[in-house]
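Participant: Dropping a structure here in structure tokens format, bear with me for questions.
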Amino acid sequence: MAAAKEAAGPSSGRAVLVTGGAGYIGSHAVLQLLTAGFRVVVVDSLANSSEIALRRVRALAGDHARNLVFHKVDIREKDGLEKVFASARFDAVIHFAGLKAVGESVQKPLLYYDHNVVGTINLLEIMAAHGCKKLVFSSSAAVYGSPKNSPCTEDFPLIPHNPYGRTKLMAEEICRDIYHSDPEWSIILLRYFNPVGAHPSGYVGEDPCGTPNNLMPFVQQIAVGRRPSLTIFGNNYATKDGTGVRDYIHVVDLAEGHLFALRKLFESSSNIGCEAYNLGTGKGTSVLEIVNAFEKASGKKIPLVMGQRRPGDAEILFSSPAKAERELHWKAKYGITEMCRDLWNWASKHPYGYAASESPKLNGSSR
Ligand code: NAD
Ligand code: UFG
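Here the UniProt record's numbering is used: position 54 in the sequence shown is 54, and no number is missing along the way.
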């Protein structure tokens with residue numbers, strides 16, 4: 001947390017609105033913001049999260065907990081958002097709220113455009129009306145689609161493969177357009193690679209509703225006995241062991257990137273415009289490598305089934321984080337050993353996530 005304090009620097013005492021702050025990445029960021037001395041107002045519909053996450057954040061934040069306010073608001077409803085902006089003045093907004101399941105976005109594209117694009121437009125309109133023009137937006141490596149080579153830099157072509165990725169690209173384009181229409185805006189678009197892990201306390205972590213969409217939440221549910229096996233989506237890629245390669249980043253490092261982005265927004269003497277930054281480690285790790293690292297951290301065997309490639313999956317996708325290092329002065333500190341250690345600490349303490357009572361065993365292996 002020392003780095004989070006350092007990141008905040010003279011920004012302490014400012015008020016930040018955090019949309020989606022009860023979610024996986026948002027809850028970790030809120031804890032760091034509070035510890036760094038910010039006043040934080042969270043709006044979240046709880047569509048994919050639990051208020052218990054914020055109770056845990058309060059407990060971990062100690063005396064800073066008094067600086068956290070929560071409103072259950074859906075950002076698609078302008079009246080609710082308007083009331084929040086009428087109740088306080090914000091120095092900046094961090095916008096995490098949105099839906100993130102790639103497969104679901106293919107089945108229900110309008111739902112995704114509604115949450116991720118309409119919700120973002122509502123937020124931007126109300127921010128503008130209240131003169132709050134500093135924004136950190138949760139974008140995604142999904143905007144790159146499947147680049148021909150990695151490491152991927154911010155100037156790579158933006159060719160998302162699915163509705164989810166397109167919602168993120170559209171929101172980015174909207175941000176670029178509003179900046180061009182009104183240069184008082186300062187906007188940082190953070191393109192996250194693959195977040196993994198949990199707060200080292202083991203009290204805050206990822207608790208996906210339904211079947212997990214991503215690799216490590218699935219692996220975690222196998223380790224605690226909720227699912228029988230992992231299907232590896234393709235072992236004939238041109239990679240070190242045939243399995244897909246990604247850039248896994250500890251959620252604590254990722255959350256910290258937001259504090260560095262805020263510092264940039266607050267400290268820049270000149271307007272920074274609308275800039276995109278990759279948040280990743282710059283290291284490519286295969287599916288088998290991270291599963292092995294998790295087996296070591298947990299002492300649990302993960303039964304594997306070799307399956308077909310998942311349509312739309314990139315073979316190799318990892319970031320160049322050089323721009324964030326150079327301009328935001330942020331750099332990921334943790335590797336897959338720490339990610340898997342902290343993921344297991346959370347999973348073993350909370351095999352059923354935030355749910356107070358055990359759920360029945362879930363059926364099936366990977367989709
Ligand atoms: P999450 O689902 O845990 O958190 C998102 C939060 O937004 C949830 O608490 C949910 O209840 C809330 N929300 C959704 N729609 C809302 C609405 N209309 N109004 C108010 N609240 C709403 O997801 P996360 O992993 O913490 O992701 C946060 C952001 O980062 C998302 O925008 C996501 O697209 C983006 N992102 C995530 C990943 C990833 O792999 N986790 C990768 C790249 C980008
Ligand atoms: N994988 C499996 N079996 C599974 C799940 C995943 O083998 O059951 C493999 C995938 O094929 C891929 C790797 O594990 O090679 C990581 O897959 P994830 O689904 O965890 O992550 P993706 O890289 O496919 O996508 C995620 C998010 C996107 C985001 C992207 C950013 O789902 O929203 O990271 O890089 F855009």
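Note that beta-carbon positions come from the ideal geometry of N, C-alpha and C, so glycine has one too.
Since we're looking at a predicted model, the values are computed, not measured.
Cα separation between GLY273 and GLN221?
Facilitator: The residue given as residue 273 occupies position 273 in the sequence shown. The residue given as residue 221 occupies position 221 in the sequence shown. Straight-line Cα distance between these residues: approximately 42 angstroms.
Participant: Ignoring anything shorter than 3 residues or poking outside the region 162 to 214, list the beta strand (DSSP E) runs there in chain order.
Facilitator: For the region 162 to 214, whole beta strand (DSSP E) runs of length 3 or above, ordered along the chain, are 186 to 192, 194 to 196.
Participant: Return yes when the C-beta of THR19 is under 8 angstroms from any heavy atom of the ligand NAD, and no when it is not.
Facilitator: Locating residue 19 in the sequence shown gives position 19, counting from the first residue. Checking the Cβ of THR19 against the ligand NAD gives yes.
Participant: Give the straight-line distance between the Cα atoms of LYS349 and GLY202, rounded to the nearest whole angstrom.
Facilitator: Taking the sequence shown and counting its residues from 1, the one referred to as residue 349 is at position 349. Taking the sequence shown and counting its residues from 1, the one referred to as residue 202 is at position 202. Rounded to whole angstroms, LYS349 to GLY202 spans 7 angstroms at the Cα level.
Participant: Roughly how many whole angstroms lie between the Cα atoms of TYR352 and ALA198?
Facilitator: Numbered from 1 along the sequence shown, position 352 holds the residue referred to as residue 352. Numbered from 1 along the sequence shown, position 198 holds the residue referred to as residue 198. Each residue's Cα considered, the two are about 14 angstroms apart.
Participant: In the DSSP assignment, what residue or residues form a beta bridge with PHE233?
Facilitator: Indexing the sequence shown from 1 puts residue 233 at position 233. Partner(s): GLY307.
Participant: Leaving out five residues on either side along the sequence, give the residues of the same chain with a beta carbon under 6 angstroms from the beta carbon of PRO212.
Facilitator: Your numbering for residue 212 matches position 212 in the sequence shown. PHE218.
Participant: Which same chain residues, not among the five before or five after MET170, have their C-beta less than 7 angstroms away from its C-beta?
Facilitator: Numbered from its first residue, the sequence shown carries residue 170 at position 170. Hits under 7 angstroms: VAL117.
Participant: Just to check, is the beta-carbon of ASP247 closer than 8 angstroms to a non-hydrogen atom of the ligand NAD?
Facilitator: Taking the first residue of the sequence shown as position 1, residue 247 is located at position 247. No; taking the cut-off as 8 angstroms, the Cβ of ASP247 has no heavy atom of the ligand NAD nearer than that.
Participant: State the beta-bridge partners of ALA15 as determined by DSSP.
Facilitator: Here residue 15 is taken as the residue at index 15 of the sequence shown, counted from 1. ARG39.
Participant: Report the CB separation of TYR192 from ALA238 in whole angstroms; it is logged as a contact under 8 angstroms.
Facilitator: Taking the first residue of the sequence shown as 1, we reach residue 192 at position 192. Taking the first residue of the sequence shown as 1, we reach residue 238 at position 238. In fact, because the Cβ distance is near 25 angstroms, the residues do not count as touching under 8 angstroms.
Participant: Among residues of its own chain, excluding the 5 on either side of GLY307, which ones have a beta-carbon nearer than 8 angstroms to its beta-carbon?
Facilitator: Position 307 of the sequence shown, counted from the start, is the residue given in the question as residue 307. So the list reads THR231, ILE232, PHE233, GLY234, SER366, once near-sequence residues are dropped.
Participant: How should VAL73 be labelled, buried or exposed, when 16 other C-beta atoms within 10 angstroms of its C-beta is the threshold for buried?
Facilitator: Your numbering for residue 73 matches position 73 in the sequence shown. Its Cβ being crowded by 16 or more others within 10 Å, VAL73 is buried.
Participant: Any idea what DSSP makes of VAL30, helix, strand or coil?
Facilitator: Counted from its first residue, the sequence shown places residue 30 at position 30. Looking at VAL30 - three-state DSSP - the assignment turns out to be helix.
Participant: ASP253: buried (16+ other C-beta within 10 angstroms of its C-beta) or exposed?
Facilitator: Counted from its first residue, the sequence shown places residue 253 at position 253. It is buried - the Cβ of ASP253 has at least 16 other Cβ atoms within 10 Å.
Participant: Can we count ILE159 as close to the ligand UFG, meaning its CB is less than 8 angstroms from some heavy atom?
Facilitator: Stepping through the sequence shown from its first residue, residue 159 is reached at position 159. No, the beta carbon of ILE159 sits no closer than 8 angstroms to any heavy atom of the ligand UFG.
Participant: Taking GLY23 as the reference, give the member of LEU99, HIS180, ARG66 with the closest Cα.
Facilitator: Position 23 of the sequence shown, counted from the start, is the residue given in the question as residue 23. Selected option, being the one with the closest Cα: LEU99.
Participant: Identify, in the order they occur along the chain, each residue of the same chain with its Cβ nearer than 8 angstroms to the Cβ of LEU81, setting aside the five sequence neighbours on each side.
Facilitator: Within the sequence shown, residue 81 is the residue found at index 81, counting from 1. VAL43, VAL73, ILE75, ASN122, LEU123, ILE126, listed in sequence order.
Participant: By DSSP, does LYS134 sit in helix, in strand, or in coil?
Facilitator: Stepping through the sequence shown from its first residue, residue 134 is reached at position 134. Note: LYS134 maps to strand in three-state DSSP.
Participant: Using the Cα positions of LEU328 and ASP342, report the straight-line distance between them to the nearest angstrom.
Facilitator: As a working mapping, residue 328 is identified with position 328 in the sequence shown. As a working mapping, residue 342 is identified with position 342 in the sequence shown. Taking the straight line joining both Cα atoms gives about 26 angstroms.
Participant: Output needed for GLU358: all residues of its chain with C-beta closer than 6 angstroms, excluding positions within five of it in sequence on either side, in chain order.
Facilitator: The sequence position of residue 358 within the sequence shown is 358, counting from 1. With a pLDDT of 43 at GLU358, under the threshold of 50, the modelled position of that residue is not reliable, and no figure is offered here.
Participant: What's the C-alpha gap between ILE174 and ILE188?
Facilitator: Position 174 of the sequence shown, counted from the first residue, corresponds to residue 174. Position 188 of the sequence shown, counted from the first residue, corresponds to residue 188. The straight-line gap from Cα to Cα measures roughly 13 angstroms.
Participant: Have a look at ASN48 and SER181 and give me their C-alpha separation to the nearest angstrom.
Facilitator: On the sequence shown, position 48 is the one that residue 48 refers to. On the sequence shown, position 181 is the one that residue 181 refers to. So the two alpha carbons sit approximately 34 angstroms from each other.
Participant: Leaving aside the five residues before and after ASP114 along the sequence, list all residues of the same chain whose C-beta is less than 8 angstroms from its C-beta, in chain order.
Facilitator: One-based indexing of the sequence shown puts residue 114 at position 114. Here the set comprises ARG76.
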